[in-house]
Amino acid sequence: MKRRQRPANQPEQYLYRFNQTPPDAAMCLEAVYVAFSHYRPVWNWCRQCFTSQNEERTRAAGPLHRAKLEDFDQIYYEHPNCSGGRDTFLHFLPRALELAFLKSETDYFLIHYTLRVGLWRFDKTEQDALRTLFCRVAINWFIHNDTAPLLLPLAMKENRHEGYVSDCIIQALLTLRVDPFDLVCWLARLKNSKACIALLDLSITAYPIENPSYYVLDDKADEVVQRRAVDALIRLTRDASGRVASDKRLLRLWLWAESANPPLAREIEEVQSSLSDQRQRLTRSERIQARIELCAAVRKPEEMHKNAINRIKIKDR
Numbered sequence: 001m002k003r004r005q006r007p008a009n010q011p012e013q014y015l016y017r018f019n020q021t022p023p024d025a026a027m028c029l030e031a032v033y034v035a036f037s038h039y040r041p042v043w044n045w046c047r048q049c050f051t052s053q054n055e056e057r058t059r060a061a062g063p064l065h066r067a068k069l070e071d072f073d074q075i076y077y078e079h080p081n082c083s084g085g086r087d088t089f090l091h092f093l094p095r096a097l098e099l100a101f102l103k104s105e106t107d108y109f110l111i112h113y114t115l116r117v118g119l120w121r122f123d124k125t126e127q128d129a130l131r132t133l134f135c136r137v138a139i140n141w142f143i144h145n146d147t148a149p150l151l152l153p154l155a156m157k158e159n160r161h162e163g164y165v166s167d168c169i170i171q172a173l174l175t176l177r178v179d180p181f182d183l184v185c186w187l188a189r190l191k192n193s194k195a196c197i198a199l200l201d202l203s204i205t206a207y208p209i210e211n212p213s214y215y216v217l218d219d220k221a222d223e224v225v226q227r228r229a230v231d232a233l234i235r236l237t238r239d240a241s242g243r244v245a246s247d248k249r250l251l252r253l254w255l256w257a258e259s260a261n262p263p264l265a266r267e268i269e270e271v272q273s274s275l276s277d278q279r280q281r282l283t284r285s286e287r288i289q290a291r292i293e294l295c296a297a298v299r300k301p302e303e304m305h306k307n308a309i310n311r312i313k314i315k316d317r
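Structure (structure tokens):
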């Protein structure tokens, strides 16, 4: 049976399944470089934030694939408009993700900052490339103990930093609109210590992602819609983790961990004892409302009309 093609004018999806069969690491990273290759830096930067030497150093950084982080990452410490705006920010984004996404000593979280400049209104090709990249990173990390193609600093390879790496990857997937329920189910099915700890952390986290402190959008009025959508995504994520990390599921994980990883079994016991007061479960109508709010931030205003509710496909899973 021939598969129906998606109409060219069909509105953007608002949530995506976790891609369990992405291309290999190198192909995923190259796709991100290609997707963002049309952006060019805008020069003559703010002299209150950058000296002429700062700007010249970035100008001389060379081909993006080989640029050193210290030659351009100062742009992520300042307001995007101080270094030429969104185009400069996105020109360097592929290399910044490759080198700095997992650097704990930086004062910026790149996916969070990308949300600040309107991630959910980016071209679909750009969002798809980022989403596929982080699905590959998640598979490599939670199954193969590797973060390829993203650099994992030597200091972060110690076991005590595993939780930080897992948290960064999960936040990126959620911010890129991977369906929280699908993501949490995938983690639960892996049944390994790293994924189990990530599931436990997610089930007790009040803010799995956060709203940026400020937005840099073409239309300032859109900020209200974006903030409301982030809050909706937080509610959907907490609802998903609450449904998947049920007492029955945690019991099964505990039975497995009791022999395979006793320290993990004790952690499951501690989390389970506190979860009854922290689980957030949405009603079906609340879930639909959250998805509508998320949809409003993803689709262009002209795509959201009075019948939008009827056009949103809701799967009450």
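As numbered in full-length UniProt numbering, residues 1 to 317 make up the sequence shown, in order.
Heads up, the beta-carbon is just placed ideally off N, CA and C, and yes, glycines get one too.
Opening and closing residue of the alpha helix (DSSP H) in which residue i lies
i: His-112; result: 110–116
i: Asn-54; result: 52–59
i: Leu-176; result: Run containing Leu-176: none; DSSP gives neither H nor E here.
i: Val-42; result: Run containing Val-42: none; DSSP gives neither H nor E here.
i: Ala-148; result: Note, Ala-148: premise wrong, no alpha helix (DSSP H); not H, not E.
i: Thr-106; result: No alpha helix (DSSP H) contains Thr-106, which DSSP labels as neither H nor E.
i: Ala-35; result: 25–35
i: Thr-21; result: Note, Thr-21: premise wrong, no alpha helix (DSSP H); not H, not E.
i: Arg-86; result: 86–100
Rounded Cβ spacing between residue i and residue j (contact assumed at less than 8 Å)
i: Glu-126; j: Leu-29; result: With 8 Å as the limit, Glu-126 and Leu-29 do not qualify as a contact, their Cβ atoms being about 14 Å apart.
i: Ala-265; j: Trp-254; result: 5 Å
i: Lys-194; j: Ser-166; result: 6 Å
i: Tyr-14; j: Arg-131; result: Not confirmed; about 13 Å, so no contact.
i: Leu-236; j: Ala-290; result: 5 Å
i: Phe-36; j: Pro-80; result: About 15 Å; that fails the 8 Å criterion.
i: Ile-169; j: Trp-141; result: 6 Å
i: Ile-268; j: Leu-200; result: 7 Å
i: Ala-129; j: Leu-110; result: In fact, because the Cβ distance is near 14 Å, the residues do not count as touching under 8 Å.
i: Ile-197; j: Gly-163; result: 6 Å
i: Leu-174; j: Leu-233; result: 7 Å
i: Val-117; j: Val-216; result: 5 Å
i: Ala-221; j: Ala-296; result: Actually they are not in contact, since the Cβ atoms of Ala-221 and Ala-296 sit about 12 Å apart, beyond 8 Å.
i: Val-34; j: Thr-88; result: With a Cβ gap of about 19 Å, Val-34 and Thr-88 do not count as contacting.
i: Ile-204; j: Ser-274; result: 7 Å
i: Leu-90; j: Tyr-39; result: 5 Å
i: Ala-100; j: Asp-73; result: 6 Å
i: Phe-18; j: Asp-179; result: 7 Å
i: Ala-247; j: Gln-280; result: Per the sequence presented here, residue 247 reads as Asp, with Ala not at that position. In fact, because the Cβ distance is near 15 Å, the residues do not count as touching under 8 Å.
i: Glu-210; j: His-144; result: Actually they are not in contact, since the Cβ atoms of Glu-210 and His-144 sit about 29 Å apart, beyond 8 Å.
i: Glu-55; j: Trp-45; result: 5 Å
i: Gln-171; j: Pro-208; result: 7 Å
i: Val-244; j: Ala-188; result: 5 Å
i: Leu-69; j: Met-156; result: Contact doesn't hold; Cβ gap of about 15 Å is too wide.
Coil, strand or helix - residue i by DSSP
i: Val-216; result: coil
i: Tyr-16; result: strand
i: Asn-140; result: helix
i: Glu-210; result: coil
i: Pro-263; result: helix
i: Thr-205; result: coil
i: residue 326; result: The first residue shown for the chain is 1 and the last is 317, placing residue 326 beyond what the model contains.
i: Gln-289; result: helix
i: Arg-299; result: coil
i: Glu-70; result: helix
i: Asn-159; result: helix
i: His-79; result: coil
i: Arg-279; result: coil
i: Thr-125; result: helix
i: His-38; result: coil
i: Gln-48; result: coil
i: Ala-188; result: helix
Give the list of continuous alpha helix (DSSP H) stretches no shorter than 4 residues that lie fully inside the stretch 223–261.
247–260
Assess contact between the stretch 54–69 and the stretch 14–28, defined as three or more Cβ pairs (one per stretch) separated by less than 8 Å. Is contact present?
no
Whether or not the stretch 72–86 and the stretch 131–141 are in contact is what I'm after, with contact meaning three or more pairs of Cβ atoms, one per stretch, closer than 8 Å; do they touch?
no
Sufficient close CB pairs (3 or more, under 8 Å) joining the stretch 147–163 to the stretch 110–126:
no
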